[in-house]
Structure formats: C-alpha cells, structure tokens
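J.: So that you can map any letter, position 17 of the sequence shown is 42 in the numbering used here, and since no number is skipped, the others follow by simple counting.
Idealized CB from N, CA, C, for every residue including glycine.
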Amino acid sequence: MAAHEYILGIDYGSKRIGLALAHQVARLPRPLKTLPASDTLFADLQKTITAEDVGLVVVGVPRNLDGSESAQSQACEAFARSLESHIDLPVATADETLSSEEAISALNALGKTYTKADIDAASAALILQRYFDEGETRHGV
C-alpha cells in the first residue's frame, strides 16, 4: 500500500471548520472547503481524509499575543485529542494566532467578494504553511 500523499490543515471553530490540503512533497497549502460544526463532524472529516488520501492532520491552536493559552486554544487542543481518537492517523498542532486576520488580508488583496467559509478555509491553509515553516516539530496532541 502506498503512503498517503496529503496533509490536511484544520481551522477549528465553534460554528465552522475550515479545511486545507498540501501535498507532502510540494508543501503548497490550498484552501479546500469548510464543514459545519455538527454531530457528524468526525464522520465528515473521515470522508474527506479518505477521499483526499490524507496521511497527517494539523490542527491550528491559537494563543494570546503574549503566548499564553486561551479558552479557544484549550478547545482546539481538546478537539485535536478527540480527533486523534476518532481517526487512524497522526494529529499535530500548529500556531494559528491571527490566522483569520491574515486570511482576510490575503482575500482582500484578491479584490473579490468572500464569505466566512472562505476565511476559514484560507486560515486552514495558513495553519499548514506555519506548520511547514516551524519545521514540523509539533507532532502529537
């Protein structure tokens, strides 16, 4: 069986979950889609993981500007742990501090209309880029 080809980035939120993909070799993240935060989230993520040939999942965890944890960072860490227990893949975390603001700036630069779902998927792509930039040292949750 061949190794899985892609890495899935997740921007976890209480209403929507942004997803992005990057090839394990090329490492060029691209927004994929947004899923609703619902009772079927883990099943929906498993469908995406299977369909997209994912071998690693990276969940963004925000920090306060001083580096301390927030309620949202604790929620993201808990989600990452829960996800790892639902799927048969490694789950890593990466800093996502201010990723939504960066995504909005990038989308504004395109000069097109965008939705909250677009912001979430673009944020997931930024999370993957940060994971690559940080040297992939944050495996495990």
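Would you kindly report the start and end of the unbroken alpha helix (DSSP H) that includes ARG55?
T.: ARG55 -> not in any alpha helix (DSSP H); beta strand (DSSP E) instead, spanning 55-61.
J.: Could you name each continuous beta strand (DSSP E) segment of 3 residues or more that falls completely within the stretch 50-114, going from the start of the chain to the end?
T.: Qualifying beta strand (DSSP E) stretches, in chain order: 55-61 and 79-86.
J.: Measure how close the beta-carbons of GLY38 and ALA62 come, nearest whole angstrom, since I'm counting them as under 8 Å.
T.: Contact holds; Cβ gap of about 7 Å.
J.: Which of helix, strand or coil does DSSP assign to ALA146?
T.: DSSP places ALA146 in helix when its eight states are reduced to three.
J.: If you draw a straight line from the alpha carbon of MET26 to that of GLN99, how long is it in whole angstroms?
T.: The predicted model places MET26 with a pLDDT of 37, which falls under 50 and marks its position as unreliable, so this point remains unresolved.
J.: Just reading off the beta strand (DSSP E) that LEU132 is part of, what are its end residues?
T.: No beta strand (DSSP E) contains LEU132, which is instead part of the alpha helix (DSSP H) from 124-135.
J.: Would you check if the distance between the CB atom of GLU121 and the CB atom of GLY85 is smaller than 8 Å?
T.: Yes, the Cβ-Cβ distance between GLU121 and GLY85 is below 8 Å.
J.: Pull up the CB-CB distance for ALA146 and LEU81, whole angstroms please, since I reckon it's below 8 Å.
T.: With a Cβ gap of about 18 Å, ALA146 and LEU81 do not count as contacting.
J.: With distances taken from CA atoms, which of GLY160, PHE104, LEU132 and ASP158 is nearest SER148?
T.: Of the listed residues, the one whose Cα sits closest to SER148 is LEU132.
J.: What are the start and end residues of the beta strand (DSSP E) that includes HIS29?
T.: It is not in any beta strand (DSSP E) - HIS29 carries neither H nor E in the DSSP assignment.
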